[in-house]
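Each residue of the sequence shown is one higher than the one before, starting from 740 at the first, in our numbering. Even for Gly, the Cβ is constructed at its ideal location relative to N, Cα and C. In this text, all values refer to a predicted model and were calculated from it rather than measured experimentally.
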Amino acid sequence: RNVSSVIGSAQKDSGATEDLQFVDAIKNIVRGKRSWEIALSRELVSRSLKPGHVEEILIGTLDDPKLGLRFFNFLGLHRGFDHSTASFCILIHALVKANLFWPASSLLQTLLLRALKPSEVF
Numbered sequence: 740r741n742v743s744s745v746i747g748s749a750q751k752d753s754g755a756t757e758d759l760q761f762v763d764a765i766k767n768i769v770r771g772k773r774s775w776e777i778a779l780s781r782e783l784v785s786r787s788l789k790p791g792h793v794e795e796i797l798i799g800t801l802d803d804p805k806l807g808l809r810f811f812n813f814l815g816l817h818r819g820f821d822h823s824t825a826s827f828c829i830l831i832h833a834l835v836k837a838n839l840f841w842p843a844s845s846l847l848q849t850l851l852l853r854a855l856k857p858s859e860v861f
């Protein structure tokens, strides 16, 4: 291996570790008592939070789909976050599994309004 591939590999590992730490910090905020408005400042969210992070956090709330829905809505409504199709699907699945059909249906309708190709959803 050459030097640049070793450095690139180390940077990827470092980036993955930072991503895990970032997601863990957000998970703690979501499950904690602190105000999301303060803890998830606009600057933090706009610069650092990516769709993949939100997907991981939603997977981490599968045991509490109402909490996942609150987080999803908070980001969308208060932070203008553009959720991925995967985030919608994760949350819809969790809500249906918990027999929360009305919010699941509402999310599904919102997803359908995006006029995605079927291959982008399934």
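Same chain, Cβ closer than 8 Å to residue i, five either side skipped, listed in chain order
i, result
"Leu-797", "Gly-807, Phe-810, Phe-811, Ser-826, Ile-829, Leu-830 and Ala-833"
"Ile-765", "Leu-779, Leu-788, His-792 and Ile-796"
Of the residues the options, the one placed nearest residue i, counting alpha carbons only
i, options, result
"Gln-760", "Arg-773, Arg-818 and His-792", "His-792"
"Leu-814", "Ala-854, Lys-856, Glu-776 and Leu-855", "Glu-776"
"Thr-849", "Asp-821, Asn-767 and Ala-837", "Asp-821"
Nearest-angstrom beta carbon gap, residue j and residue i [assumed within contact, 8 Å]
i, j, result
"Ser-823", "Glu-794", "6 Å"
"Ala-837", "Pro-804", "5 Å"
"Thr-800", "Val-769", "7 Å"
Other residues of its chain near residue i: CB distance less than 7 Å, five sequence neighbours each side excluded
i, result
"Leu-855", "Thr-824"
Heavy atom of the ligand COA within 7 Å of residue i beta-carbon
i, result
"Arg-786", "This structure lacks the ligand COA, and indeed carries no ligand of any kind."
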